[in-house]
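In what follows, a single structure is set out as structure tokens and then discussed.
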Amino acid sequence: MTPVTDHPPAGLLRRLAAFAYDSLIVMALFVVPTSGVMAIRGGEPIPPGSMLFQLLLIATAAVFFVGFWVRGGQTLGMRAWRLRLEGRGGEPITARIGLIRFLGGAVSIGALGLGVLWVVIDPQQLTWADRLAGTRVVVLPKSQSPKRNA
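Note that this note's numbering has the sequence shown beginning at 194, numbered continuously upward.
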């Protein structure tokens, strides 16, 4: 893997664009556990505020994000925007680090987005989740973006 110093840190707008893309995918993925729960309940609606169901959806999102981060450092949205998540030294992250970052990201968003907006004032352009997990998001050059068949 190329050392982290060779790639510039990702700014807020590029990160938000990748997250918006990934959010659409995660919402589509929510159909799978929702369908399973509906089938188990015999078609009955899921009660509003069901804590177990909410935890199932959070786990689904965690598997999506952490799984992609550990397997190549890029979600589909990050790939589209040429972003990569890596450790501060440029190394791939572990599942433990990915889970810490995911939970830190949830706190960052839950704090009215302040943890995400932090990237604008942070000298290294890190979010709260990046600081907590010891990660950073970098912009890859066009030569390292996914190739498309013509």
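All C-beta atoms in this analysis are idealised placements derived from N, C-alpha and C, irrespective of residue type, glycine included.
Integer Cβ distance of W274 from A211, believed to fall under 8 Å | As a first step, residue 274 must be located in the sequence shown, where it is residue number 81. As a first step, residue 211 must be located in the sequence shown, where it is residue number 18. Indeed they touch by this definition, with Cβ atoms about 4 Å apart.
Thinking C-alpha only, which one of G280, S243, M244 and A288 is nearest A255?
-> Along the sequence shown, one-based indexing puts residue 255 at 62. Considering only alpha carbons, the answer is A288.
Contact check, Q345 vs V309 under 8 Å by CB: the rounded distance?
-> Residue 345 lies beyond the stretch modelled for the chain, which goes from 194 to 343, so this question has no answer here.
Whole-number beta carbon distance between P226 and T253, since they are thought to touch under 8 Å | Here residue 253 corresponds to residue number 60 of the sequence shown, with the count starting at 1. Here residue 226 corresponds to residue number 33 of the sequence shown, with the count starting at 1. The Cβ separation is near 5 Å, so the contact holds.
Report the residue ranges of all beta strand (DSSP E) runs contained in full by the stretch 256-322; include only those spanning at least 3 residues, in chain order.
-> 276-280
Distance CB(V330)-CB(A203) smaller than 8 Å | The count along the sequence shown starts at 1 and reaches residue 330 at position 137. The count along the sequence shown starts at 1 and reaches residue 203 at position 10. Yes, the Cβ-Cβ distance between V330 and A203 is below 8 Å.
Beta strand (DSSP E) segment containing R329, residue limits = As a first step, residue 329 is located in the sequence shown; it is residue number 136 there, counting from the start. Run containing R329: T328 to V332, per the beta strand (DSSP E) assignment.
Per-residue burial, V219 [other beta carbons within 10 Å of its own, 16 or more giving buried] | In the sequence shown, counting from the first residue as 1, residue 219 sits at position 26. It is buried - the Cβ of V219 has at least 16 other Cβ atoms within 10 Å.
DSSP-derived helix/strand/coil call for P241 = Sequence index remark: in the sequence shown, residue 241 carries index 48 (1-based). If DSSP states are grouped into helix, strand and coil, P241 belongs with coil.
With DSSP run on the structure shown, which of helix, strand or coil describes P202?
-> In the sequence shown, the residue the question calls residue 202 occupies position 9. If DSSP states are grouped into helix, strand and coil, P202 belongs with the strands.
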